[in-house]
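Just below is one structure, and these are the notes that go with it.
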Amino acid sequence: GAKIKDAYIEFVCDETKDGTEDAYLLIWGHLTPNPDGFATPLDPTAISDRPMTVANVPWEPEPWTAGGQVGQTSNIASIIQELINQDGWASGNAIEIIIGEDTSKGAFTGSRCAESFDGSSAQAPLLVIELSTKFATHPTPADGVLYPDTWVSLSWEAGETAASHDIYMGDNFDEVNDG
Numbered sequence: 002g003a004k005i006k007d008a009y010i011e012f013v014c015d016e017t018k019d020g021t022e023d024a025y026l027l028i029w030g031h032l033t034p035n036p037d038g039f040a041t042p043l044d045p046t047a048i049s050d051r052p053m054t055v056a057n058v059p060w061e062p063e064p065w066t067a068g069g070q071v072g073q074t075s076n077i078a079s080i081i082q083e084l085i086n087q088d089g090w091a092s093g094n095a096i097e098i099i100i101g102e103d104t105s106k107g108a109f110t111g112s113r114c115a116e117s118f119d120g121s122s123a124q125a126p127l128l129v130i131e132l133s134t135k136f137a138t139h140p141t142p143a144d145g146v147l148y149p150d151t152w153v154s155l156s157w158e159a160g161e162t163a164a165s166h167d168i169y170m171g172d173n174f175d176e177v178n179d180g
């Protein structure tokens, strides 16, 4: 499977009300292989009663001082990794991220009001995931490039989880591609 190197949610500020006050938050994942989403109207216990990941990440967002300002969460790679490692999870499944109050920090008065998909689909929260795999990346010369010189120096960024890399060269694309 893939190893998550970095992950975060990018938010766009919708309103600045109480956005300069401190906010102490925790982030979890909903621990189920393919969640169904949230019913409307939302029952207050519909989120807190869900099984959550063991992994959780504190997030103390910077002040939001202007509409349209972009901010991102702390690195939530450990949460995403736990979600995709669970039995029954498959590529393409939904995931749910839960953000709540970090009660270990005491009370706070700040809030962060972000755009939603319903409010502005172009500014909806965006989950960004950077992963590593067994596959090599960034080859030099680039994939598919015809290199007419007699000598060339080959290089690539090795896949983090690869035991080895095979190189196939030739003048017939289909034969090389089928390597």
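Just so we're aligned: the sequence shown equals residues 2 to 180 in our numbering. Yeah, the Cβ is synthetic: ideal placement off N, Cα and C, and Gly gets one too.
*Mind the definition here: the stretch 29-36 touches the stretch 89-99 only if three or more C-beta pairs lie below 8 Å; say whether that holds.*
Three or more Cβ pairs closer than 8 Å define a contact, and the stretch 29-36 meets that threshold against the stretch 89-99.
*With DSSP as the reference, label D175 as helix, strand or coil.*
Sequence index remark: in the sequence shown, residue 175 carries index 174 (1-based). Correct three-state label for D175: helix.
*Could you tell me the boundaries of the alpha helix (DSSP H) in which Q82 lies?*
Taking the first residue of the sequence shown as 1, we reach residue 82 at position 81. Per DSSP, the unbroken alpha helix (DSSP H) holding Q82 starts and ends at 78-86.
*Enumerate, from N- to C-terminal direction, the unbroken beta strand (DSSP E) stretches of 3 or more residues contained entirely within the stretch 111-179.*
Counting only runs of 3 or more residues that sit fully inside the stretch 111-179, the beta strand (DSSP E) segments are 127-133, 138-141, 156-158, in chain order.
*Applying the criterion that 16 or more other CB atoms from any shown protein chain within 10 Å of the CB defines a buried residue, is E16 buried or exposed?*
Here residue 16 corresponds to residue number 15 of the sequence shown, with the count starting at 1. By the 10 Å Cβ count, E16 comes out exposed.
_Going by beta-carbon coordinates alone, are W60 and S49 separated by less than 7 Å?_
As a working note, residue 60 is residue 59 in the sequence shown. As a working note, residue 49 is residue 48 in the sequence shown. Their beta carbons are not under 7 Å apart, which means W60 does not touch S49 by this criterion.
*Take P140 and list the residues in its own chain whose beta-carbon comes closer than 7 Å to its own, dropping the five residues that flank it on each side.*
Within the sequence shown, residue 140 is the residue found at index 139, counting from 1. Non-local beta-carbon contacts of P140 in its own chain, meaning distances under 7 Å to residues more than five positions away in sequence, involve W157 in chain order.
*Would you say the stretch 104-119 touches the stretch 16-31, given that touching needs at least three Cβ pairs under 8 Å?*
Under the three-pair Cβ rule at 8 Å, the stretch 104-119 counts as touching the stretch 16-31.
*Quickly, what does DSSP pair D7 with across the bridge? List them, please.*
Residue mapping note: residue 7 aligns to position 6 of the sequence shown, counting from 1. Residue pairing by DSSP places D7 opposite E131 in a beta bridge.
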